[in-house]
């Protein structure tokens, strides 16, 4: 399995998408021949950040070896419509990263201040569950509706980067909390 991003530049979306498909034309036959499953994350600051647009592109590759990564802490960059994105992805959603983040759109977009104002930055964090604004019932419930927990081709990982000083405690907390949510919706 390969977990990757779209890359490219948001301000050069059309050019980046063309380059992506040129690369896929060359790579997909290799993925299929070698049995490699590739899962793609619409990462903040990639040429495609919107979740529904990412699904359109992933489906456009037209390979059962190419699926989607949903990173919970990227939700607010993907359009903030988590349930719709998950439902649209369906069986293409094969990997989820579990980390919280603050919604940068709140407080009239002033939750984060960058200098100079109007910077084209993509701010997000990878916090432990409960330290941000991600709707975890919607997240874990949405995965249950897809049958995510019962499929052999899915992976769920904790993706907290913000608390290295307490990494062991955070990891134990994440595992316990993720298990609790999965059991709630399974």
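In full-length UniProt numbering, the protein residues as written are 1 to 186.
C-beta: ideal position from N, C-alpha, C; glycine also.
Taking its Cβ as the centre, do 16 or more other Cβ atoms sit within 10 Å of residue i, making it buried, or is it exposed?
i: residue 24; result: buried
i: residue 39; result: buried
i: residue 137; result: exposed
i: residue 175; result: exposed
i: residue 1; result: exposed
i: residue 94; result: buried
i: residue 75; result: buried
i: residue 65; result: buried
i: residue 46; result: buried
i: residue 67; result: buried
i: residue 148; result: buried
i: residue 168; result: exposed
i: residue 35; result: exposed
Have a look at the options and flag the residue whose alpha-carbon is nearest the alpha-carbon of residue i.
i: residue 166; options: 143, 127 and 132; result: 127
i: residue 100; options: 179, 115, 159 and 1; result: 159
i: residue 22; options: 57, 46 and 35; result: 57
i: residue 152; options: 178, 37 and 80; result: 37
i: residue 10; options: 122, 133, 32 and 116; result: 122
i: residue 102; options: 89, 92, 115 and 131; result: 131
i: residue 32; options: 182, 61 and 17; result: 61
i: residue 141; options: 154, 184 and 125; result: 184
Could you tell me whether the Cβ atoms of residue i and residue j are closer together than 9 Å?
i: residue 20; j: residue 42; result: no
i: residue 144; j: residue 186; result: yes
i: residue 129; j: residue 89; result: no
i: residue 180; j: residue 170; result: no
If I'm right that residue i touches residue j with Cβ under 8 Å, what's the distance once you round it to whole angstroms?
i: residue 77; j: residue 44; result: 4 Å
i: residue 156; j: residue 96; result: 5 Å
i: residue 3; j: residue 69; result: 6 Å
i: residue 92; j: residue 59; result: 7 Å
Can you find at least 3 beta carbon pairs, one from the region 77-86 and one from the region 17-33, that sit closer than 8 Å? no
Is there contact here, the region 49-65 with the region 137-146, by at least three beta-carbon pairs under 8 Å? no
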